[in-house]
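J.: For the sequence shown, position 160 (counting from the first letter as 1) is numbered 589 according to the working numbering, and the numbering increases by one without interruption.
Here a beta-carbon is modelled for each residue, glycine too, at the ideal position from N, C-alpha and C.
Here the structure is a predicted model, which is why all the values come from computation and not from measurement.
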Amino acid sequence: MDPQIKLLFLDEHVLEGAARFGVSQKDLSFIGGFQNFIYSYNREEVKYILRFTPSTLRKPEGLEAELEWIRYLAEEGMSVSEPICSVNGKDIERIPAKRLDFYVTAFRHAPGRKIGYPECLGNPLLYEQCGRMTGKLHELAKRYKPLARRHTWEGNDYLLRAREYLPTEHEPILQALDELKEQLVRLPVTPDHFGLIHGDINVGNFTVDESGKITLFDFDECQYSWYAEDIAIQLYYLLYVFGEDSKSERKAQYEMFIKHFERGYSEEGRQLPAGWKEQLALFLRLREIIVFVGMHRSWDLSQPDDWTRDFLRDSRMRIVKGLSLIDDLF
430 MDPQIKLLFL DEHVLEGAAR FGVSQKDLSF IGGFQNFIYS YNREEVKYIL RFTPSTLRKP
490 EGLEAELEWI RYLAEEGMSV SEPICSVNGK DIERIPAKRL DFYVTAFRHA PGRKIGYPEC
550 LGNPLLYEQC GRMTGKLHEL AKRYKPLARR HTWEGNDYLL RAREYLPTEH EPILQALDEL
610 KEQLVRLPVT PDHFGLIHGD INVGNFTVDE SGKITLFDFD ECQYSWYAED IAIQLYYLLY
670 VFGEDSKSER KAQYEMFIKH FERGYSEEGR QLPAGWKEQL ALFLRLREII VFVGMHRSWD
730 LSQPDDWTRD FLRDSRMRIV KGLSLIDDLF
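1) Do residue 571 and residue 620 come within 8 Å of each other at the CB atom, strictly closer than that value?
2) Using CA coordinates, which residue listed in 519, 627, 613, 605 is at the minimum distance from residue 489?
3) Given a cut-off of 8 Å, decide if residue 693 and residue 545 are closer than it, judged by their beta-carbon atoms.
4) Whose CA, out of 479, 624, 499, lies closest to the CA of residue 457?
5) Whose C-beta lies closer than 8 Å to the C-beta of residue 728 among residues of the same chain, with five residues either side of it excluded?
6) On the criterion of 16 or more Cβ atoms from any shown chain inside 10 Å, does residue 721 qualify as buried, or is it exposed?
7) For residue 495, count neighbouring Cβ atoms within 10 angstroms of its own Cβ and tell me buried if that reaches 16, exposed if not.
8) Grab the span of the alpha helix (DSSP H) containing residue 676 for me, first residue to last.
9) Just how far apart, CA to CA, sit residue 523 and residue 501?
10) Do you know offhand how far residue 512's Cα is from residue 528's?
11) Leaving out five residues before and five after residue 717 in sequence, what residues of the same chain have Cβ atoms less than 8 Å from its Cβ?
12) Nearest-angstrom Cα distance between residue 603 and residue 586?
13) How long is the line joining the alpha carbons of residue 470 and residue 536, rounded to whole angstroms?
14) Nearest to residue 622 by CA position, among 613, 688, 629, is which residue?
15) Report yes if the C-beta distance between residue 505 and residue 575 is below 8 Å; otherwise report no.
16) In its own chain, which residues sit with a C-beta less than 6 Å from the C-beta of residue 539, not counting the 5 before and 5 after it?
17) Given a threshold of 16 other Cβ atoms within 10 Å of its Cβ, counted over all protein chains shown, does residue 672 qualify as buried or as exposed?
18) What is the DSSP secondary structure of residue 553, reduced to helix, strand or coil?
19) Can you tell which of 725, 742, 439, 733 has the C-alpha that lies nearest to the C-alpha of residue 594?
20) Given that a residue counts as buried once 16 or more other Cβ atoms are within 10 Å of its Cβ, and exposed if not, what is residue 659?
Structure representation (structure tokens):
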């Protein structure tokens, strides 16, 4: 979270936003958020999420497009965390504040539980289920005819404002980003390759119930991009936990993920986008830059712990050299 926005987000905004959705501030539990302020609450034994989005991050049109997309997926049988209306029957409530506004939205809490590290690693059943869920998502995206329009990958906040977030000594990162963009714009933009994606599928953004069914949530990063990016993001968060000294583990993780993800995605005759494996390296590099920028935007890196220090060092090396997490595995 941008430190300046944290200073502008006050208890009075939480109080007003909660009231718009018929809940008392004392019944809210803050659960975090990387770009938004996220709370949970219970009503009649049902759990909900209340989200405050700064107007510097999203505009009402973008939020409307996000909610429309989620509702479409739910209507088509996907298990997602559905939005709910305020007491005034609105999808989005605007709370004015100094220098910016906060937009408040609410969602049903996803059933089941999160699968974190290390449980998610080396988990073929999970990878197959992720493939099945992603394949269904992309299949529905190809048929989707939205009323509201979401931004494209180039409108990602981390990419647009990378120069603002990174210290001047990281100019080589910005140069690498410009070079990567030039490569990406040459990829095919056809209905079979490019459409509305989730944009941040990882184990932090879905739950799994006792039957293994996945419920997907946090569509805040949904955007028009290549379907291969949705796949690469999942792979990235399974590989980045392994340091430079664990290449054999990274390779085993990569091979297991690809094998079982592809099996799940391809069920019911679904076709993975042509060239997706070859494109993974590009989108792994893009995600690495986004994570690198995000850490500098939101974290205090003046005294990083050992893991963070080593990760930033290795990450910078890969970005500047134009490498991805899988380039040195084979």
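T.: Checking against the coordinates, here is how it stands:
1) yes
2) 519
3) no
4) A check of alpha carbon separations from residue 457 across 479, 624, 499 identifies 479 as the nearest.
5) 737
6) buried
7) buried
8) Taken as a continuous stretch (DSSP letters only), the alpha helix (DSSP H) holding residue 676 covers 676 to 694.
9) Our two residues, residue 523 and residue 501, have alpha carbons roughly 24 Å apart in a direct line.
10) 27 Å
11) 665, 669, 744, 747, 748, 753, 754
12) 14 Å
13) 10 Å
14) 613
15) Judged by their CB atoms, residue 505 and residue 575 are not nearer to each other than the 8 Å cut-off.
16) 510, 636, 644, 646
17) exposed
18) helix
19) 725
20) Counting every other CB atom within 10 Å of its CB across the protein chains shown gives residue 659 a total of 16 or more, marking it as buried.
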